[in-house]
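Report on the following structure.
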Amino acid sequence: MCVRLILRICVQSSPPPPSSVAMPWKQSHFFVPRCTTDYKSNNTKLSLFGVPKDPTLLAQWQRAVPRADKKLQENCAVCELHFDDRLISRYFEHTVNGELVRIDRTRPVLLPGAVPTQFPNLPAYCSKRLPPERKSPTRTEQYAPPRKKRARETASSVSAENAIDSVGIDSDSCMPFDNLALPSPSWGKHAFSVSPLIVDFSVCEPGKDKSILFARKLVVFTQEENGVKQEVFVKGVQILHDACDDPASLLGQVDTLSVCSGAGTLEELPFDIGNKRYAVTGTVISSLKCQGTAQKKKQCISCKHLRKGLLIQRSPRKQRSWTRAVRMSLKRRAQTQALK
1 MCVRLILRIC VQSSPPPPSS VAMPWKQSHF FVPRCTTDYK SNNTKLSLFG VPKDPTLLAQ
61 WQRAVPRADK KLQENCAVCE LHFDDRLISR YFEHTVNGEL VRIDRTRPVL LPGAVPTQFP
121 NLPAYCSKRL PPERKSPTRT EQYAPPRKKR ARETASSVSA ENAIDSVGID SDSCMPFDNL
181 ALPSPSWGKH AFSVSPLIVD FSVCEPGKDK SILFARKLVV FTQEENGVKQ EVFVKGVQIL
241 HDACDDPASL LGQVDTLSVC SGAGTLEELP FDIGNKRYAV TGTVISSLKC QGTAQKKKQC
301 ISCKHLRKGL LIQRSPRKQR SWTRAVRMSL KRRAQTQALK
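Once you know that position 316 of the sequence shown is 316 in the UniProt record's numbering, the rest is easy, because the numbers rise by one and skip nothing.
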């Protein structure tokens, strides 16, 4: 009896075995909803990562995993399927003799700050793709060999000499502009540039204060690679014309064009010069849509309509009397129709 009592006391006083001590346990299944990696039917073996101990990073994981019924805890697990491959380290990397050597890890490890962002079994809006990895810029030589530089300089000098020679040949071909016969004494010649050659012939008239000249008719000849470009302007409006090989005949055709006289002058129609409804050239008022030339008439259609409007604006009494007469005639017609 004494032996049994001693054994019973020893058993009760002895500490419990290590297996019975409460230890933190890790879940064997994955926390992400609809994840089938831990299913027995799934033969693929993927790595399992525990939840980080850092509270700030743990809070990021809790916000990233889309699950509302349960909160991510320290004993939960997430498989590698929900991480970007760039956030998983699978090798030990070392540089030996200038070469990168990789050794496989027994267990992959997450990089610091890794957060699950891929959820293929959930709707697409739950996943967030990381920005694409930038390619390392290719290094180029800062300085080219001196021989190539000299070759480029010589090539550029040769091309410049050829360009100068070509310009000289083109300028020689434009010599007939110097002795060109003008249609009338009112025409004048102006050379704006020698290379490339730009020559114009114009008929000008003085402005209001006679310190500014306005070109009523302008013909511009510009030397180009394919030939000579011809442009005709009347009152600042470019006029379409047929190509002409003889500059003198082109000047003769432009001289016969009748210029639109405009809607009137500032003395005849004294209105604000800053009005945006019309354009003022010197003392002449013209429409913004003036055609420049007028066939068989002194004014183009746009300037003619503008003149009518300005005259009505100048005499408001006539406009009122005219509108009253129209109203009275319409009223009388309505009365006669009612009597019938």
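We treat Cβ as the ideally placed atom computed from N, Cα and C, and that holds for glycine.
All figures in this text were calculated on a predicted structure; none of them were measured in a lab.
Assumed close pair residue i, residue j - CB separation to whole angstroms, cut-off 8 Å
i	j	result
L257	T293	5 Å
R86	S47	About 15 Å; that fails the 8 Å criterion.
F214	E225	At roughly 33 Å, the Cβ-Cβ gap does not stay under 8 Å, so F214 and E225 are not in contact.
A248	A181	5 Å
T283	K235	Their Cβ separation, rounded to whole angstroms, is 14 Å, which puts T283 and K235 out of contact at 8 Å.
R90	D69	The pair is not a contact, with the Cβ atoms about 33 Å apart (cut-off 8 Å).
S202	G188	6 Å
P116	A64	5 Å
Euclidean distance between Cα positions of residue i and residue j
i	j	result
T281	F233	15 Å
Q313	P196	49 Å
D246	V220	14 Å
R102	F92	5 Å
E231	L240	8 Å
Q60	D54	10 Å
Q299	L311	15 Å
E74	G113	16 Å
R327	L269	29 Å
E267	A338	50 Å
L57	S127	18 Å
T336	L330	10 Å
P66	H94	38 Å
residue 342	L72	This structure cannot settle anything about residue 342, because the visible part of the chain is limited to 1 through 340.
G309	R277	11 Å
L110	P52	10 Å
A124	Q62	18 Å
Y39	L100	38 Å
V228	P185	25 Å
R34	G98	46 Å
Q295	I301	10 Å
Proximal residues to residue i (C-beta, below 7 Å), its chain only, five neighbours per side dropped
i	result
C303	C260, G262, A263, S286, S287, C290
V237	C290, Q291, G292
G252	P183
Which of helix, strand or coil DSSP assigns to residue i
i	result
Y125	helix
R307	helix
K70	coil
H94	strand
V220	strand
A263	coil
I198	strand
S302	helix
Q291	coil
W61	helix
S47	coil
H190	strand
D255	helix
I312	helix
D85	helix
L330	helix
P108	strand
A338	helix
P206	strand
T56	helix
K77	Note that residue 77 is Ala in the sequence shown, not Lys. Three-state DSSP puts A77 in a strand.
L250	helix
Y278	strand
Contact set for residue i: own chain, Cβ-Cβ below 6 Å, skip 5 residues either direction
i	result
H190	D200
L130	D84
D255	P183
T216	Residue identity differs from the one stated: residue 216 is Arg in this sequence, not Thr. Hits under 6 Å: V203, E205, V259.
Residue i beta carbon near the ligand SAM (any heavy atom closer than 8 Å)
i	result
R63	Annotation note on the ligand SAM: not contained in the displayed structure, which lists no ligands.
Residues near residue i in its chain [Cβ-Cβ closer than 8 Å; skip 5 each side]
i	result
T44	T37
I198	A191, F192, V220, F221, T222, Q223
T265	T283, V284, I285
L250	V219, Q230, V232, H241, C244
R333	none
H305	S287
N42	T36
A279	I285, S286, S287, L288, C290
Residue-chain proximity (residue i, chain D), Cβ-Cβ < 9 Å
i	result
L57	Absent from the structure: chain D. Only one protein chain is present.
Contact between the stretch 114–124 and the stretch 80–94: three or more CB pairs below 8 Å?
yes
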